[in-house]
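Novice: What follows is a structure written as structure tokens; I'll ask about it next.
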Amino acid sequence: MTHMSNYALDRLGSYVFESAVQFLRCWTNLRLETRPPLQLADIYFDLYPEEQDPIWGNPCQDKRHLEIWSKNKSCERLPNFLIIGPQKTGTTALYSFLSIHPAISSNRDSPETFEELQFFSGKNYQKGIDWYMSFFPPPANDNETRYLFEKSANYFDGTLVPQRVHALLPSAHLITILIPPSKRAYSWYHHQRVHNDKAALEFSFHEVITANPRHAPRALRELHNRILQPGMYAHHLERWLALFPPQQLHLVDGERLKSDPILVLNQLQTELKIRPFFDYANHLKYVDQKGFYCQVDSLNKTKCLGQGKGRNYPPMESASLKFLREYYQPENTALEKLFKRLGYPIPSWLEEELGTESQNNPQIPAEEISNNVSSHWENPGSQ
Ligand code: A3P
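First residue of the sequence shown: 1, per UniProt numbering; consecutive thereafter.
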């Protein structure tokens with residue numbers, strides 16, 4: 001019991017302990033000893049190292065926990081949905097566009113990781129759920145429905161993340177954005193260079209992606225894995241789907257988010273059943289200079305994402321593109337199967353990557369395909 005910081009999970013009342021101690025004293029010759037709590041914790045974790053990491057459960061799903069929870073706390077301070085990534089697919093654009101919606105609020109910025117809380121994916125998890133909740137606005141008194149969300153793009157491929165999210169937010173909706181994995185890798189490489197990643201500055205993109213995972217120098221190997229792993233979309237999506245029903249997983253086509261964010265956002269609010277409906281047509285506008293859609297504020301001024309989003313860099317060399325197409329081929333094939341299984345249409349970029357445009361849609365002209373895609377994307381949960 002001493003080690004259970006998530007106190008609602010302990011099912012033994014202290015009276016059971018007392019009775020057990022009395023029983024042992026009365027009926028056995030065992031000499032009972034105790035130690036200060038910290039020493040006991042060390043002994044316990046030596047015996048059960050796998051329990052060192054807590055898993056925060058949801059207080060509102062546990063009657064006993066709720067009874068002893070402070071009245072100031074409320075599960076209304078936990079997010080209804082998460083943008084889980086992966087990185088460099090347009091997560092910031094989706095985050096800022098969703099934040100314009102009057103009924104949707106995100107977390108306040110973290111001093112270390114800015115708009116991303118990175119709670120489920122790293123050290124912040126040890127800070128506990130009070131820390132996490134403190135970033136979300138307290139419930140309002142106005143009876144207005146409101147939806148809370150957060151975006152941390154590295155949740156997508158984090159090993160422990162699906163299990164942690166599921167324990168705390170089992171009914172949360174998860175939004176993931178997918179673009180061609182080769183494009184994602186290339187964008188991430190340039191992002192690392194701008195952030196002075198030594199290995200990214202030292203090695204070319206082609207050297208990084210083709211590095212031998214066994215024999216390359218350590219820094220290069222690490223970069224190789226970090227650049228390519230998140231693009232294993234099917235593998236990571238299956239990890240999430242092992243815990244969450246498909247109705248809670250929303251796949252956004254990142255290429256569409258760039259070319260037609262109004263359509264994507266209008267569809268996403270329908271999927272998430274967000275009320276009232278907010279027509280993004282009046283709030284987003286394509287800005288030539290930026291080459292992307294930007295927000296239009298109440299004074300009719302446009303506000304684009306910063307320089308770090310929508311960077312200028314040379315096109316990828318054809319040798320790298322060819323290498324990545326082959327590298328991701330098995331994963332992309334698995335992704336295509338996954339889309340079919342879930343009843344989603346295949347995004348056109350995935351068909352291009354696999355060279356299956358005509359096979360999947362034998363007689364349908366290209367325009368019709370994109371019309372079909374949009375109608376399907378409206379209601380994936382109902383498929
Ligand atoms: P590039 O900078 O490589 O073009 P993330 O926010 O997940 O880090 O993704 C960054 C990517 O979002 C950018 O990658 C850009 O292509 C894409 N993006 C999508 N919509 C955008 C928008 N409206 N403004 C800027 N970038 C956008």
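Cβ coordinates follow ideal geometry from the N, Cα and C atoms, glycine included.
(1) CA-CA distance, residue 94 and residue 203?
(2) Any heavy atom of ligand 1 closer than 7 angstroms to the Cβ of residue 87?
(3) Within 10 angstroms of the Cβ of residue 141, are there 16 or more other Cβ atoms? Answer buried if so, exposed if not.
(4) What did DSSP end up calling residue 114 once you bin it into helix, strand or coil?
(5) Does DSSP put residue 304 in a helix, a strand or coil?
(6) Alpha carbon to alpha carbon, how far is residue 162 from residue 131? Give it in angstroms, no decimals.
(7) What are the start and end residues of the alpha helix (DSSP H) that includes residue 132?
(8) Quick one: grab the DSSP three-state call for residue 53.
(9) Excluding the five sequence neighbours on either side, which residues of its own chain have a C-beta within less than 8 angstroms of the C-beta of residue 157, listed in chain order?
(10) At the level of alpha carbons, what is the spacing between residue 72 and residue 133?
(11) Tell me whether residue 192 sits in a helix, a strand or coil according to DSSP, three-state version.
(12) Within a Cβ cutoff of 6 angstroms, which residues of the same chain sit near residue 165, ignoring the five residues on either side of it in sequence?
(13) Indicate, with yes or no, if ligand 1 has a heavy atom lying under 7 angstroms from the CB of residue 117.
(14) Indicate whether the contact test is met: 3 or more Cβ pairs, each with one atom in the segment 312–332 and one in the segment 173–189, closer than 8 angstroms.
(15) Using a Cβ distance threshold of 8 angstroms, determine whether the segment 198–212 contacts the segment 274–289, with at least three qualifying pairs required.
(16) On the CB-based measure, 16 or more other CB atoms within 10 Å of its CB, does residue 46 come out buried or exposed?
(17) Can you tell me whether residue 190 sits near ligand 1, meaning its C-beta is under 7 angstroms from at least one heavy atom of the ligand?
(18) Classify residue 82 as helix, strand or coil using the three-state DSSP reduction.
(19) Are residue 117 and residue 107 touching if we call contact CB-CB under 8 angstroms?
(20) Can you name the start and end residues of the beta strand (DSSP E) that residue 150 belongs to?
(21) Which residues in the same chain have their Cβ closer than 6 angstroms to the Cβ of residue 309, if we skip the five residues on either side of it in sequence?
(22) What beta strand (DSSP E) runs, 3 residues minimum, are completely inside the segment 300–357?
(23) Taking DSSP's pairing of strands, which residues face residue 260 in a bridge?
(24) Taking 8 angstroms as the limit between beta carbons, can you name the residues of its chain near residue 135, skipping five residues before and five after?
(25) Could you check what DSSP says for residue 179 in three-state terms: helix, strand or coil?
(26) How would you write the range of the alpha helix (DSSP H) that residue 123 sits in, first residue to last?
(27) Please name the residue, chosen from 83, 35, 249, that lies closest to residue 152 on a Cα-to-Cα basis.
(28) Assuming residue 100 and residue 250 are in contact, meaning their beta carbons sit under 8 angstroms apart, how far apart are those beta carbons, in whole angstroms?
Specialist: On the basis of the data shown:
(1) On the sequence shown, position 94 is the one that residue 94 refers to. On the sequence shown, position 203 is the one that residue 203 refers to. Roughly 31 angstroms separates the two Cα atoms.
(2) For this step, residue 87 is matched to residue 87 along the sequence shown. Within the cutoff, so yes.
(3) As a first step, residue 141 must be located in the sequence shown, where it is residue number 141. Its Cβ having fewer than 16 others within 10 Å, residue 141 is exposed.
(4) As a working note, residue 114 is residue 114 in the sequence shown. Looking at residue 114 - three-state DSSP - the assignment turns out to be strand.
(5) Taking the sequence shown and counting its residues from 1, the one referred to as residue 304 is at position 304. In this structure, residue 304 counts as coil in the three-state DSSP scheme.
(6) The residue you call residue 131 lines up with position 131 of the sequence shown. The residue you call residue 162 lines up with position 162 of the sequence shown. When rounded, the distance between both Cα atoms is 19 angstroms.
(7) Residue mapping note: residue 132 aligns to position 132 of the sequence shown, counting from 1. Element bounds for residue 132: 128–133.
(8) Sequence index remark: in the sequence shown, residue 53 carries index 53 (1-based). It is coil, neither helix nor strand.
(9) The residue labelled residue 157 in the question sits at position 157 within the sequence shown. Answer for residue 157: 85, 86, 229, 230, 232, 236, listed in chain order.
(10) Stepping through the sequence shown from its first residue, residue 72 is reached at position 72. Stepping through the sequence shown from its first residue, residue 133 is reached at position 133. Going from the Cα of residue 72 to the Cα of residue 133 covers about 12 angstroms.
(11) Translated into the one-based positions of the sequence shown, residue 192 becomes position 192. Three-state result, residue 192: helix.
(12) Along the sequence shown, read from residue 1 onward, the residue named residue 165 stands at position 165. Contacts found: 120.
(13) As a first step, residue 117 is located in the sequence shown; it is residue number 117 there, counting from the start. Every heavy atom of ligand 1 is 7 angstroms or more from the Cβ of residue 117, so no.
(14) yes
(15) no
(16) Here the question's residue 46 lines up with position 46 in the sequence shown. It is exposed - the Cβ of residue 46 has fewer than 16 other Cβ atoms within 10 Å.
(17) Against the sequence shown, residue 190 aligns to sequence position 190. Result yes, Cβ under 7 angstroms from ligand 1.
(18) By 1-based counting over the sequence shown, the position of residue 82 is 82. In this structure, residue 82 counts as strand in the three-state DSSP scheme.
(19) The sequence position of residue 117 within the sequence shown is 117, counting from 1. The sequence position of residue 107 within the sequence shown is 107, counting from 1. Going by C-beta atoms, residue 117 is nearer than 8 angstroms to residue 107.
(20) Taking the first residue of the sequence shown as position 1, residue 150 is located at position 150. Start and end: 147–151.
(21) Residue numbering aside, residue 309 sits at position 309 when the sequence shown is read from its first letter. 92.
(22) none
(23) Taking the first residue of the sequence shown as 1, we reach residue 260 at position 260. Bridge partners of residue 260: none, in fact.
(24) To locate residue 135, count along the sequence shown from 1; it is residue 135. If we look at residue 135 and ignore the five residues flanking it on each side, its Cβ neighbours are 107, 108, 110, 117, 150.
(25) Position 179 of the sequence shown, counted from the start, is the residue given in the question as residue 179. Here residue 179 sits in coil by DSSP.
(26) By 1-based counting over the sequence shown, the position of residue 123 is 123. Element bounds for residue 123: n/a, residue is neither H nor E.
(27) As a working note, residue 152 is residue 152 in the sequence shown. Nearest of 83, 35, 249 to residue 152, Cα basis: 83.
(28) Locating residue 100 in the sequence shown gives position 100, where the first residue counts as 1. Locating residue 250 in the sequence shown gives position 250, where the first residue counts as 1. Between residue 250 and residue 100 the Cβ distance is about 18 angstroms, and since that is not below 8 angstroms, they are no contact.
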